[in-house]
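In the numbering used here, the protein residues as written are 1322 to 1676. Structure, as structure tokens:
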Amino acid sequence: MSAWEQNVRKVVPYVPGEQPGQEGIIKLNTNENPYPPAPGVARALREMESKQLRLYPDPAASVLVEALAGRYGLRPEQVFVGVGSDDVLAMAFLTFFNSGKPILFPDITYSFYDVWAKLFGIPYACQMLDENFCIRREDYVRENGGIVLANPNAPTGVAESIEGIRWILDKNPGIIVIIDEAYIDFGGDSAVSLIPEYENLLVVQTFSKSRSMAGMRIGCALGQPKLIKYLNDVKYSFNSYTMDLPALKLGVESVKDEEYFQETLRRIVATRERVKTELGKLGFVFPDSRSNFVFVSHPRIQARELFEALKERRIYVRYFPKPRIDNYLRITIGTDEEMDVLLDFLKKYVRQKER
Ligand code: PMP
């Protein structure tokens, strides 16, 4: 290895789900929303002119920050925005986890947390979920440098109650607790309601799932003004213009249309509940999902084998070859039509296996 290479900051990157790009694929592997963004988003996109791109965007992203503050009943000083929640979470790790003590998150959770921890040199300790993939609250009562919980959790879909979150916050005064609510709109109880009470709580959300805008890359963090100020200090020390002009304009349009937002959520939740019933009839087992995906296992079918069979049928789902979850598949909730194709395939597959 040459001298310069010895000094490279080497990282093992996070691997996102495949984006196959061919036509005709039923794509249930990255928890995208099957419905389009709010109609106002399409309208604003059509009305945008390239000459608007001549100028830098507003570094404070004020229009989007204000729209989000209005939506959540917060003040603009309580809202931080970034390029998807990945960007927001990375900034938060960099900003708040600087004590040298290990940060805590579950052993089974969003697999980007340990990647950021390693990238930024933050020590961490994974806490085992119980056999039902639930958090054991007591595990979060020990010396630590911060806590990160996805709620509902990924890839399990299991939601922690607001009382559980409150309990962990109460046991950790003076420690930053990040609640990653990427999937909260599909059925969990948001910790946003706790923000006035806890100066150490940061809630992170995204436009990628419930708002159908994964391609636009918008995420936000909500918390007390002091936390948001520290986040902004780091952001302005890194890149002043994280939010581009289209993201600001289109993000605002999405936030404005609450009715469309609620209707889209209702449809996805209805499909999810129907899919759960059908999967149960086929013998699949799964924790109760409050998200836009289900995390399933079958007592007589190997997950990896089913993953390959589905892929051959051009149905993409997610498989994680990791301890404790290597016999599970994470299946995003698509349209009713897409889920019917999936269920038809699974019916035949299970029947053939059980012959
Ligand atoms: N948190 C969790 C738990 C996720 O599953 C994802 C999606 N991969 C993200 C954050 C990041 O999503 P985005 O950057 O698109 O907001």
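C-beta: ideal position from N, C-alpha, C; glycine also.
- For Ala-1438, the Cβ stays outside the 6 Å cut-off from all heavy atoms of the ligand PMP.
- Look at Leu-1425 here: in three-state DSSP terms it is strand.
- At a threshold of 6 Å, Ala-1568 does not count as near the ligand PMP, since its beta carbon sits no closer than that to any of the ligand's heavy atoms.
- In the structure shown, Leu-1603 adopts coil according to DSSP, grouped into three states.
- Within the same chain, Asn-1465, Gly-1467, Ile-1468, Asn-1521 come within 7 Å of Ile-1496 by CB-CB distance, once the 5 residues on both sides are set aside.
- Around the ligand PMP, the residues selected by a Cβ distance under 5 Å to any of its heavy atoms are Gly-1405, Ser-1406, Asp-1407, Tyr-1431, Ala-1471, Ala-1475, Asp-1501, Ala-1503, Thr-1527, Ser-1529, Gly-1540, following chain order.
- Nearest in C-alpha terms to Tyr-1461, of all of Val-1400, Leu-1470, Pro-1642, is Leu-1470.
- For Val-1329, no alpha helix (DSSP H) segment is defined, and its DSSP state is neither H nor E.
- Assigned with DSSP and collapsed to three states, Ala-1446 falls in strand.
- For Leu-1663, the enclosing alpha helix (DSSP H) has its first and last residue at 1657 to 1675.
- Beta bridge pairing from DSSP links Cys-1541 with Val-1402, Gln-1526.
- For Asp-1501, the uninterrupted beta strand (DSSP E) segment begins and ends at 1498 to 1501.
- In the displayed model, Val-1573 falls within a helix according to three-state DSSP.
- Burial state of Ser-1561 is exposed, judged by a 10 Å Cβ sphere holding fewer than 16 other Cβ atoms.
- Taking Glu-1481 as the centre and dropping the five residues before and after it, the same chain places the C-beta of Ile-1456, Leu-1470, Asn-1472 closer than 7 Å to its C-beta, in chain order.
- Under a 10 Å Cβ-count criterion, Leu-1374 is classified as exposed, with fewer than 16 other Cβ atoms of the shown protein chains found around its own Cβ.
- Per DSSP, the continuous beta strand (DSSP E) segment holding Phe-1614 begins and ends at 1614 to 1617.
- Boundaries of the beta strand (DSSP E) around Leu-1650: 1650 to 1653.
- With a contact defined as Cβ atoms closer than 8 Å, Glu-1398 and Pro-1494 miss out at about 22 Å.
- In terms of Cβ geometry, Leu-1515 and Ile-1499 do not form a close pair [threshold 7 Å].
- By the neighbour-count criterion, in which a residue is buried when 16 or more other Cβ atoms sit within 10 angstroms of its Cβ, Val-1525 is buried.
- One thing to note: Tyr-1356 has its Cβ within 7 Å of the Cβ of Ser-1533.
- A check of alpha carbon separations from Asp-1657 across Ser-1529, Lys-1597, Arg-1634 identifies Lys-1597 as the nearest.
- Ala-1438 and Leu-1543 have their C-alpha atoms some 21 Å from each other.
- For Val-1384, the closest alpha carbon among the candidates Met-1369, Glu-1518, Val-1400, Ser-1371 is that of Val-1400.
- Each of Glu-1626, Ile-1636, Glu-1633 was checked against the Cα of Pro-1642, and the nearest Cα belongs to Glu-1626.
- Leu-1470 is bridged by DSSP to Ile-1500.
- If you look at Lys-1547, you'll find it in the alpha helix (DSSP H) that goes 1546 to 1557.
- With respect to Ala-1446, Pro-1476 sits apart: the two C-beta atoms are not nearer than 7 Å.
- Within the model, the alpha-carbon separation for Leu-1366 versus Leu-1600 is close to 39 Å.
- The distance from the Cβ of Ile-1589 to that of Val-1617 is about 17 Å, inconsistent with a contact at the 8 Å cut-off.
- Under DSSP, Lys-1348 forms a beta bridge with Tyr-1637.
- DSSP places Ile-1622 within a strand segment (E or B) once states are collapsed to three.
- Nearest to Asp-1451 by alpha-carbon distance, out of Ile-1622, Arg-1676, Pro-1608, is Pro-1608.
- For Val-1555, the closest of Ser-1612, Leu-1490, Thr-1416 by C-alpha to C-alpha distance is Thr-1416.
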